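Numbering (the working numbering), first residue to last: 162 to 641. We treat Cβ as the ideally placed atom computed from N, Cα and C, and that holds for glycine. Computed from a predicted structure; not experimentally measured.
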Amino acid sequence: MNALGLVSMRLCAGLMGHRSVVNLPFLRFSSGMTLSQIDEEVAKLLQLKAQLGGDEGKHVFVLKTAKGTRDYNPKQMAIREKVFNIIISCFKRHGAETIDTPVFELKETLTGKYGEDSKLIYDLKDQGGELLSLRYDLTVPFARYLAMNKITNIKRYHIAKVYRRDNPAMTRGRYREFYQCVNDRRILDGMFAVCGVPDEKFRTICSTVDKLDKMAWEDVKKEMVNEKGLSEDVADRIGEYVSMQGGQDLAERLLQDPKLSQNKQACAGLTDMKLLFSYLELFQVTDKVVFDLSLARGLDYYTGVIYEAILSQTIPAPAEQNGADEAGVSVGSVAGGGRYDGLVGMFDPKGRKVPCVGVSIGIERIFSIMEQKAETSSEKVRTTETQVLVASAQKNLLEERLKLTSELWNAGVKAEVLYKKNPKLLSQLQHCEETGIPLVAILGEQELKDGVVKLRNVASREEVDVPRADLVDEIKKRTL
Numbered sequence: 162m163n164a165l166g167l168v169s170m171r172l173c174a175g176l177m178g179h180r181s182v183v184n185l186p187f188l189r190f191s192s193g194m195t196l197s198q199i200d201e202e203v204a205k206l207l208q209l210k211a212q213l214g215g216d217e218g219k220h221v222f223v224l225k226t227a228k229g230t231r232d233y234n235p236k237q238m239a240i241r242e243k244v245f246n247i248i249i250s251c252f253k254r255h256g257a258e259t260i261d262t263p264v265f266e267l268k269e270t271l272t273g274k275y276g277e278d279s280k281l282i283y284d285l286k287d288q289g290g291e292l293l294s295l296r297y298d299l300t301v302p303f304a305r306y307l308a309m310n311k312i313t314n315i316k317r318y319h320i321a322k323v324y325r326r327d328n329p330a331m332t333r334g335r336y337r338e339f340y341q342c343v344n345d346r347r348i349l350d351g352m353f354a355v356c357g358v359p360d361e362k363f364r365t366i367c368s369t370v371d372k373l374d375k376m377a378w379e380d381v382k383k384e385m386v387n388e389k390g391l392s393e394d395v396a397d398r399i400g401e402y403v404s405m406q407g408g409q410d411l412a413e414r415l416l417q418d419p420k421l422s423q424n425k426q427a428c429a430g431l432t433d434m435k436l437l438f439s440y441l442e443l444f445q446v447t448d449k450v451v452f453d454l455s456l457a458r459g460l461d462y463y464t465g466v467i468y469e470a471i472l473s474q475t476i477p478a479p480a481e482q483n484g485a486d487e488a489g490v491s492v493g494s495v496a497g498g499g500r501y502d503g504l505v506g507m508f509d510p511k512g513r514k515v516p517c518v519g520v521s522i523g524i525e526r527i528f529s530i531m532e533q534k535a536e537t538s539s540e541k542v543r544t545t546e547t548q549v550l551v552a553s554a555q556k557n558l559l560e561e562r563l564k565l566t567s568e569l570w571n572a573g574v575k576a577e578v579l580y581k582k583n584p585k586l587l588s589q590l591q592h593c594e595e596t597g598i599p600l601v602a603i604l605g606e607q608e609l610k611d612g613v614v615k616l617r618n619v620a621s622r623e624e625v626d627v628p629r630a631d632l633v634d635e636i637k638k639r640t641l
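Below is the structure:
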């Protein structure tokens, strides 16, 4: 057999699943073929094998969601919807209106807006070769929207998914306290300047300081010195400032600081911080707001005041049971934002700036907290808003049930009917208990003759005959 025949046999065996490797050292060469010809034929056959599919076909597909994503079951969605409704009602109470923007943007729209966080952006490429990116936040798309539509005054809210190649860790525990940390990017820049940080390193050092909510100061200092190239003396001077927390008194004290008081940017930020705290006093929320010099917010586009909402966790239950005082420890930010006057100008052809301030709420973290709370609570989470189930105690009343259900729907009542033709009454009542439906409208031959409907309270099991003409009003009265 010539060499080509041997190679073909071995490759075919591999294609049929018996062998997947061509063992060239065992080839026998015929006198009429050169080594380059053999290599060429082998390459062709390997290409054929790749086209037909080799051992890769044995891969077992695992049915799961992509890393960092999750599904939500009806119970989880009910909790999620409740959270959204609370947030939206707050926005509307303050006169906000809503908008929406595409889930992906042109890559150049997002490029250069996030500093070191830019590496977390998901990049896409469509069939036409256009470079796209999934939105990283809702702020940059909003600024692009303002510039495109030449809007200079709007109070908007926007609820939508964003995408980050991140590895978030959710701290489990019981959450009891909510407070706000505020700072000002101008104060930070002034602080870096008086500490001796070179201008070109302001943003990268700001990103490092931003990690103080997750890392100890010693680790942050190590990153500044070893990775960012700061001297230990400069890092130590920064450490003295970022350990400071307080209120309006801290702003006044820093205005007297021999070094900071000489920095124009820092003085402007501290003056505005005093003004902010005077407004917070009017809203009676100063007990929940902390002026924290370690708050940095690593994104490049912030230009003024910055803030984060922080949740606290109680100490473990055994200590509480022993009568120990409850001490809170920070478990992370659930919202954050600030002022970004220059962002809209990046998209405006004439570079016109539009003063902007906003806050982003981390709904996933809040949802996780609410979900944990629901797991430990005896209260049942309702997954529907059904007010009444239309049921029957006898057979062959499907049409009557459907007719009554239609009447209730047309009257604005949230009603439900089981899909079976002749369901048992017990099954219908159990469905109400399992799903939290408060009322059952029961039809029977006698009720149809008398022109009434038997209305049953699921919780108390109390039943009362209600004239059919009064049923809608009675249901609404009992479920409002």
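Where the alpha helix (DSSP H) through residue i begins and ends
i, result
"residue 528", "524-537"
"residue 394", "393-403"
"residue 438", "425-443"
"residue 381", "378-383"
"residue 590", "586-596"
"residue 567", "559-571"
Residue from the options with nearest C-alpha to residue i
i, options, result
"residue 432", "636, 414, 220", "414"
"residue 643", "282, 261, 629", "The shown model of the chain, from 162 to 641, leaves out residue 643, and the question about it has no answer."
"residue 465", "257, 287, 430, 450", "430"
"residue 230", "618, 291, 506, 325", "325"
"residue 460", "297, 625, 201, 293", "297"
"residue 536", "278, 244, 639, 237", "237"
"residue 583", "562, 576, 591", "562"
"residue 452", "289, 417, 403, 419", "403"
"residue 518", "565, 504, 399, 509", "504"
"residue 319", "596, 585, 520", "520"
"residue 542", "240, 259, 223, 203", "240"
"residue 255", "587, 204, 315", "315"
"residue 277", "293, 458, 608, 292", "458"
"residue 577", "587, 566, 591, 522", "566"
"residue 649", "196, 462, 295", "Past the boundaries of the shown model lies residue 649; the chain is included only from 162 to 641, so the question cannot be answered."
"residue 494", "635, 223, 374, 351", "374"
"residue 524", "615, 244, 612, 448", "244"
"residue 399", "454, 424, 422, 387", "454"
"residue 507", "462, 527, 472", "462"
"residue 405", "242, 579, 342, 384", "342"
Neighbour-count burial assignment, residue i, 16 or more Cβ in a 10 Å radius
i, result
"residue 327", "exposed"
"residue 233", "exposed"
"residue 164", "With a pLDDT of 42 at residue 164, under the threshold of 50, the predicted position of this residue should be treated as unreliable, though the coordinate-derived value follows. With 16 or more other Cβ atoms within 10 Å, it is buried."
"residue 300", "buried"
"residue 486", "Note that residue 486 scores a pLDDT of 41, beneath 50, so its modelled location is shaky and nothing firm can be said."
"residue 641", "exposed"
"residue 366", "buried"
"residue 620", "exposed"
"residue 539", "exposed"
"residue 499", "buried"
"residue 624", "exposed"
"residue 658", "The chain is shown only over 162 to 641; residue 658 falls outside these bounds and no answer can be derived."
"residue 497", "buried"
"residue 594", "exposed"
"residue 469", "buried"
"residue 490", "Model confidence at residue 490 stands at a pLDDT of 40, short of 50, so the residue's coordinates are unreliable and nothing is read from them."
"residue 608", "buried"
"residue 352", "buried"
Bridge partner(s) assigned by DSSP for residue i
i, result
"residue 305", "Beta-bridge pairing links residue 305 to no other residue."
"residue 406", "453"
"residue 342", "451, 469"
"residue 372", "Paired residues: none, contrary to the question."
"residue 265", "295"
"residue 258", "317"
"residue 279", "According to DSSP, residue 279 bridges with nothing at all."
Host beta strand (DSSP E) of residue i (start-end)
i, result
"residue 615", "613-618"
"residue 239", "Premise fails: residue 239 lies in the alpha helix (DSSP H), 235-254, not in any beta strand (DSSP E)."
"residue 294", "292-295"
"residue 638", "Where residue 638 is concerned, there is no enclosing beta strand (DSSP E), although the alpha helix (DSSP H) it sits in stretches over 632-640."
"residue 286", "284-286"
"residue 626", "624-628"
"residue 603", "600-604"
"residue 551", "549-553"
- Is the segment 437-453 touching the segment 398-412, taking contact as three or more C-beta pairs under 8 Å? Yes, the segment 437-453 is in contact with the segment 398-412.
- Message: Any contact between the segment 238-253 and the segment 290-306? By contact I mean 3 or more CB pairs, one from each, below 8 Å.
- Response: Too few Cβ pairs lie closer than 8 Å, so no.
- Three or more C-beta pairs closer than 8 Å, one from the segment 517-531 and one from the segment 545-557: is that the case here? no
- Message: Under 8 Å: do the segment 535-553 and the segment 343-352 share three or more Cβ pairs, one atom per stretch?
- Response: No: the two stretches stay apart, fewer than three of their Cβ pairs being nearer than 8 Å.
- Query: Does the segment 566-582 come within contact of the segment 271-288, defined as at least 3 CB pairs closer than 8 Å?
  - Reply: Not touching, per the Cβ criterion.
- Item | Three or more C-beta pairs below 8 Å linking the segment 382-396 and the segment 348-360 | yes
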